[in-house]
Amino acid sequence: MSTPHNSAAPGDIAESILLPGDPLRAKYIADHFLESPVQFNAVRNILGYTGTFEGKKVSVMATGMGIPSIGIYTYELIHFYGVKNLIRIGSCGAMQPDLKLGDIVMAEGACTDSNYGAHFNLPTQFCAVASFPLLRRAVEVADKEKIRYQVGLVNSTDVFYRKNDPWKAMAEMGVLASEMESYALYCNAAEGHANALAMFTVSDSMVTGESMSAQDRQTSFRDMMKVALRTAVSV
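Residue numbering for the sequence shown follows the numbering used here, starting at 300 and increasing by one per position.
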């Protein structure tokens, strides 16, 4: 059945899905990586496609930006469409000096300033972590391809523009990078008994002030896309 945000019919979406924020990035993956892609959604211009990669069915769908948006789409994917493996792919801002532009960050767990977890009516703060089988497989793929990566914590923030940004305090606790989606993804996956992993390409450094050009983002993100796709079709 369709939802208010997704026009896909049952069976249109694979059990494993890649989740970029940008609808055009979803289209790029479908056009450049998937065989015989078929579009299943364009509601609110959130584009979704299903095709095959290395002979196995896989989907890709945009989620928009931020915790509320990815929270809606991933809840529906899990509960209405039976998606089992969700891999978020996006960009992040590095909070550690040894992370370079183009490196991949795999989010072992997500800190947050959001109150998203409070809506699950738990007696404590929820520790939002990745699915270990997905994380382990992604590490194996990156090692085989000799792609630079780090595994660790990210900070999922609700606020892009803020005063008195506390990122340095988070960095002192070993947090690798800042982004805006992982916490909701991991909460929804835990509640829905699905597997989830968030990975990011470092597009900016909060330490040095460096930032990728638009062209660099397109070419550098391909490594992350390949790692995510090979992970998705091998679990």
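Where a beta carbon is used, it is the ideal one built from N, C-alpha and C, also for glycine.
Residue nearest to residue 410 in terms of C-alpha spacing, selected from 426, 395 and 400: Numbered from 1 along the sequence shown, position 111 holds the residue referred to as residue 410. Minimum Cα distance to residue 410 is reached at 426.
Burial state of residue 458, where buried means 16 or more other Cβ atoms lie within 10 Å: In the sequence shown, the residue the question calls residue 458 occupies position 159. It counts as exposed.
Counted within 10 angstroms of its Cβ, other Cβ atoms place residue 360 as buried (16 or more) or exposed: As a working note, residue 360 is residue 61 in the sequence shown. Classification of residue 360: buried, given that the 10 Å Cβ count is 16 or more.
Distance CB(residue 305)-CB(residue 340) smaller than 9 Å: Indexing the sequence shown from 1 puts residue 305 at position 6. Indexing the sequence shown from 1 puts residue 340 at position 41. Yes. Within cutoff.
Residue burial classification, residue 508 (beta-carbon count within 10 angstroms, cutoff 16): Translated into positions along the sequence shown, residue 508 becomes position 209. Exposed.
Run of the alpha helix (DSSP H) containing residue 392, from where it starts to where it stops: In the sequence shown, residue 392 corresponds to position 93, counting from 1. Here residue 392 belongs to no alpha helix (DSSP H); instead the beta strand (DSSP E) covers 384-393.
Nearest-angstrom Cβ-Cβ length linking residue 413 and residue 348, presumed shorter than 8 Å: Taking the sequence shown and counting its residues from 1, the one referred to as residue 413 is at position 114. Taking the sequence shown and counting its residues from 1, the one referred to as residue 348 is at position 49. Incorrect: roughly 29 Å between the Cβ atoms, too far for contact.
CB contact below 9 Å: residue 447 versus chain C: The displayed structure is made up of one protein chain only, and chain C is not part of it.
Sub-9 Å separation of residue 389 and residue 478 beta-carbons: The count along the sequence shown starts at 1 and reaches residue 389 at position 90. The count along the sequence shown starts at 1 and reaches residue 478 at position 179. Yes. Within cutoff.
Burial state of residue 454 (16 or more Cβ within 10 Å): Your numbering for residue 454 matches position 155 in the sequence shown. Result: buried.
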